[in-house]
Amino acid sequence: MFSLDAPLAPAIDAFVNPENDDNVHKTSLNTVVMQVHRKVSMEALIQALGLHLTSTDDKVRARAMQLLAEVLSRLPELPLTPNAVQLLVDFFADRLADYPSASACLQALLALESNHAKKIASPTVTIILIQKMVKVLHVPQLGQAMRKQCFELMQLALGQKVVVDVLVTAPESSSIDHGLLFAQAFLNAMEGEKDPRNLLLCLQIARELLAKLEVVFDRHDAVLQQYFDVVSCYFPITFTPPPNDPYGITSEELILSLRKAFAASDLLAKHVLPFLLEKLSSTVVEAKLDSLQTLVFCCEAYSINVALLHMLSIANALYHEVVKGEKKEVIEASLRAISRFSSVIGLAKTKAAGGAAYAWNKFVVELTTRAMSDLTGHATDSLVSVSAGQVLAALGKDSVLGFTHVLETSVPLLIQQFNESSTSTESKCEASLARLLLIVNTIDREVDQSASAQPMRPHALVLIDALVAFLSNNEALSTPTAKCSAIEALSHLVTYPPSPIVEIAQVKALVELFINFLLFDASPEVRRECLQSLRAISTIKQKATVKNYASLVMEIALTQLMDAVQLSAQNTKVAAVLASSGRDHPEFFNDVLDSITQLSQEASLFQATIVRLVDFCVVENQDSNKITFVANSSANGTQAHVDGILNAVAKIVELNADDKASMEFCVTSGGDNSIVFRLLKAVTTTAADAAAQNALLDDAKLASCARIFRTPMQNVSTETQQLLANAAISAFLTTQSTGASASHPAYLQLVPLFSAVINSANRNLNLPETSRVINTLLELAQSSTAVYHTTASTQQIEQISSEAALSAAKSLASIVNKMSDGEEFDALIVLLLDQKLSQIIANEQKDVSVRVAALQIYVWIAKALVIRGHREHAPACLFFLCKFLTPETSDARSQIAMHVAKSFKLLVTEFPDVLNRKCGAFITFLYRQRTFDLVYPVLLEYIRSHSGVENVEALVAFSHVISNSPKAIYLPHMGSIFPLMVQAINSDEKELGSPAIKTFKSLLFESVESVKPFLKDVFPGLLKQAQHGASALDRHDALDCLAKLATIPYELIHPYKDMVLRQLLHCLNDRKRFVRHAAVRVRNQWSVL
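Each residue of the sequence shown is one higher than the one before, counting from 1 in our numbering.
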């Protein structure tokens, strides 16, 4: 046992004795370290070790030296005098000759150099130490750990400024060149190093060595050559770390360190650049890529002067790789290299650096000339011309000077070729346009240059004129691809530069051109490109022009589109559009609405568009001051017309949901005449008219209105929400009073619409007449289908009643979730759940439909409490539901047990329209975990103690809870869950299939070992799900599981191979294509086992 007062001598003897175990060594070492820290000097410790240090036993001497090294390493602040440090350095340096003690000596020297370097009398001592170390120890032949110690000692020496000063000092004629000897010592030690841990360290030291001893390498070309030979032999580095590598060394780290070693000094350029150009001729793709990337890295680090002699060779090599290259990745890397070289040379030319003009001529001018020569001498659509165009674009990509030079040199030729090819062949026309588009796309979208300094500005007008002339020329070979390229180029000339380079009059003309093609062109691709261009112009990021451009799109494009919405197919303008574009009127109408939707994503366009679209849908009766929807007429298509417009309005509102100002506009602009309030009045008035005529409302209008109401409600301020909520609740209570709801189902159709508003209300909102609203919702949620004298079928009415009941239940849940805790809240829960709903659900004498309706309400309210994390009511609800799934006897099974089981899916599933964070719901972070913790033990115990049909309902609920819980929750219980999921996938109950296969797949992919005891049951179950799963995703998951099982040792799955291959034949005829593909893949996998 360790003691502060333990004597020193026994502790030394115990540590040095190689026969003792690790615990004795550790205790003894701690004793010695503490004694030295308190009172014993290092000199006294060495004297106490005297006999051990001179022992004839190698292990004893090594342990004795190890003790000294450990003390120095563990006591970095040990008070040592300069004389003591010098004595220790000499002592350990001399002991390096004793190989068994060498590792400990290196550790001790590292401790001295790290912690006591300032006390070393002279930097020459350290230099001589390094020279002695490499002389005594042949470093390349040492083990990995000792080699690393040697390299670390050299790195420490280079880290001392006084040592570096001595190393770089030019020697006298008769004196020793310490710098030369040090560099040679390191390079000799590094030569042949293969261990990635040491190699990473060596490359870092090499870079530091060349950077700090640059004058030494400049004096001795031979050592510079040696440096290059030693370092370059590692290029290219290919290293794949072993799995679970504890050292964390990556190939990227090694490659970067090697590049830094190459780029450490300009002196190395004369060796590195020819070497990399030679490696570029390799046939190995990885070597080519590494050569290109390293070439760029080095040239960005070197001064421009040292690369002058190689600049032409570099240009030729890169051009050759682009033009003659076969691999796409090599061509792309070469183009990136050209861009970087152009940028570096252009920056040097801007700074008037020495040699920059020569480099400019030999690289940028040379490549431009070669590209222009190839463009002139080869066909426009040849691969050489394509590559030449890519080179021109690359030269201008990262360099303003390069882009200016390329444009001045190439634009006249490119336009000339374009004009000639537009009447030649389609391929030449498309190729020349693609080249122009490539040049236009080279515009820098991030750097905001003034309009006069933008390289493209002098050429924009001539490019626009040529492209517009092509699009306007009916005789040109204007294929859809060519038109799309021309339109895209025109759009990018307007939208790419951060500052405008196109005059507003030209932009106006382009907008007119685009809308003309959008309406009249027969190609969907061209129309799509025009729409994207108009949208880009209307939402341009140029702050100075965004409003002007948006107004142009509104005045020219949207005005024509709006007019087209109102015109019939018989109109001469529309007829001309239909004839030219080859569309029928319904397709044209839908395309127009889609175009309006896409163009209404700028605030001013949104506001102007949406008001006018709503005007198309509603009409105000001046006599009665009522607002209704435009009268339906199936004969002339008015109903579909209005439905389409309202759907477009809903899409526009949803696309602009993140713009708070636009959402506020929907509710507040115009007061009671805002678009939301107008639609609310229209829908309630139309409902009253429908009821009076014994008719029903149009579902499409109601669905669109619900979306229009929901989106602003979720994205406006609380004050604005209050305005909308007040109006919606007032209309809700008016239309859903007892007399009104009993009179006609048309009013029930409004419930989902009002529910959209209630469900999206903020928690801080005060709903008016809350008690009355709750009572009305409860009545609606419990209401049964009645017989009405309408033109609708009984099935329609049943569906309306069902949707109204579901919407009411969701709204009740939303209100409960957002209410504040307190006596009023507790009283409401007791009233709804305990006194009303639970009594109905538990009453076996009640009709099943009545009990199921009450159950639906109960589960939704329970969900509201569960996600809220209520500590009292949420567990009570879950346990109440579990009672129906865990009856004490089989005779006590409830008629609605399966309905209860299915409802557990609702409890743990998220819904987009209610009880989510966007709707302002109160959601605790770990509600799924709490649900699992409460339900899992109850259902698991029951399922285990019952079998067959008795536990089907409990197993359904169990599967839903597991499949919708985070994986981290149920993985610790894998041993209990897995057998139950095997039972579930073999069940004939359809409700079990989806959650069971989802959970089973997750468990299987987490641990294949868990399935081995159950293989005889797993294979039939998975094959049943693969053939008869309720959804295509379930069948696909089952096939994935079968593929995973094929990785199990063959001797375990061999008995099932024939059955799997035979049953998978049925899956090859699945009605879903991606399931059939999966079946083919899995069957092939099993066939070759």
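Virtual Cβ for every residue (Gly too), placed ideally from N, Cα, C.
(message) Beta-carbon within less than 8 Å of V440's beta-carbon, same chain only, minus the 5 sequence neighbours each way: which residues are those?
(response) M456, L463, A489, H492, L493 and Y496
(message) Excluding the 5 residues flanking T545 on each side, which residues of the same chain have their C-beta closer than 6 Å to its C-beta?
(response) P500
(request) Spell out the partners DSSP gives N621 in its beta bridges. (result) K626
(request) Would you check if the region 107-118 and the region 134-144 touch, i.e. whether three or more CB-CB distances between them fall below 8 Å? (result) no
(message) Using CA atoms only, rank isn't needed, just tell me which of A901, L907, L88 and H899 is closest to G869.
(response) L907
(request) Helix, strand or coil for S491, going by three-state DSSP, please let me know. (result) helix
(message) Taking 8 Å as the threshold (C-beta atoms), are C666 and V653 in contact?
(response) yes
(request) Output the distance between the C-alpha atoms of R1076 and M819, rounded to the nearest integer angstrom. (result) 50 Å
(message) Let me confirm a value: A728 is counted as buried when at least 16 other C-beta atoms fall within 10 Å, else exposed. Which label applies?
(response) buried
(message) Assuming contact is defined by CB atoms lying nearer than 8 Å, are L1042 and V1060 in contact in what I supplied?
(response) yes
(message) Spatial neighbours of P76 within its chain, please: C-beta separation below 8 Å, excluding the five flanking residues on both sides.
(response) A111, S114 and N115
(message) Taking its Cβ as the centre, do 16 or more other Cβ atoms sit within 10 Å of D1034, making it buried, or is it exposed?
(response) buried
(request) Could you spell out the range, first to last residue, of the alpha helix (DSSP H) harbouring L40? (result) Here residue 40 turns out to be Val, not Leu, going by the sequence shown. Where V40 is concerned, there is no enclosing alpha helix (DSSP H), given that its DSSP letter is neither H nor E.
(request) Hey, could you find the ends of the alpha helix (DSSP H) M133 is sitting in? (result) P123 to V136
(request) Could you check the C-alpha separation between P171 and S232 for me, to the nearest Å? (result) 29 Å
(message) Tell me which residues share the same chain as R612 and place their Cβ nearer than 8 Å to its Cβ, disregarding the 5 neighbours each side in the sequence.
(response) M562
(message) Does N817 come out as helix, strand or coil in the three-state DSSP assignment?
(response) helix
(message) Applying the 10 Å Cβ sphere with the 16-neighbour rule, what's the burial state of V649?
(response) buried
(request) Entirely within the region 652-678 and at least 3 residues each: give me those beta strand (DSSP E) ranges in chain order. (result) none
(request) Return the CA-CA distance between A725 and Q839, expressed in angstroms with no decimal places. (result) 33 Å
(request) Give the C-beta separation of R197 and I249 to the nearest angstrom, bearing in mind that I take them to be a contact with Cβ-Cβ under 8 Å. (result) 6 Å
(request) Leaving aside the five residues before and after C202 along the sequence, list all residues of the same chain whose C-beta is less than 7 Å from its C-beta, in chain order. (result) F151, M190 and E193
(request) Using a threshold of 8 Å, state whether the C-beta atoms of L558 and I610 are closer than that. (result) no
(message) Quick check on the DSSP output: what are the complete beta strand (DSSP E) runs of length 3 or more inside the region 670-721, in order along the chain?
(response) none
(request) Report the rounded CA-to-CA distance for G325 versus L295, giving the unit in angstroms. (result) 17 Å
(request) Within 10 angstroms of the Cβ of D1037, are there 16 or more other Cβ atoms? Answer buried if so, exposed if not. (result) buried
(message) Looking at A157: is its Cβ nearer than 8 Å to the Cβ of A104?
(response) no
(request) Pick helix, strand or coil for L1015, following the three-state DSSP scheme. (result) helix
(request) State the CB to CB distance for the pair W1086 and A1026, rounded to an integer number of angstroms; the pair is presumed to be in contact (CB under 8 Å). (result) Contact doesn't hold; Cβ gap of about 12 Å is too wide.
(message) I need the boundaries of the alpha helix (DSSP H) containing L433, first residue and last residue.
(response) E426 to V440
(request) Give the single residue among I205, Q983, L268 and E950 whose Cα lies nearest to the Cα of D218. (result) L268
(message) Check this for me: beta carbons of T718 and N764, under 8 Å apart or not?
(response) yes
(message) Suppose you measure from the CA of Y99 to the CA of K148; what does that come to, to the nearest Å?
(response) 16 Å
(message) Short of 6 Å in beta carbon distance, which residues of its chain neighbour L309, apart from the five on each side in sequence? Order them along the chain.
(response) none
(message) Counting beta carbon pairs with one atom in the region 415-430 and one in the region 340-358, are three or more of them shorter than 8 Å?
(response) no
(request) List in chain order: all unbroken alpha helix (DSSP H) runs of 4+ residues lying wholly within the region 268-334. (result) 269-279, 285-301 and 308-324
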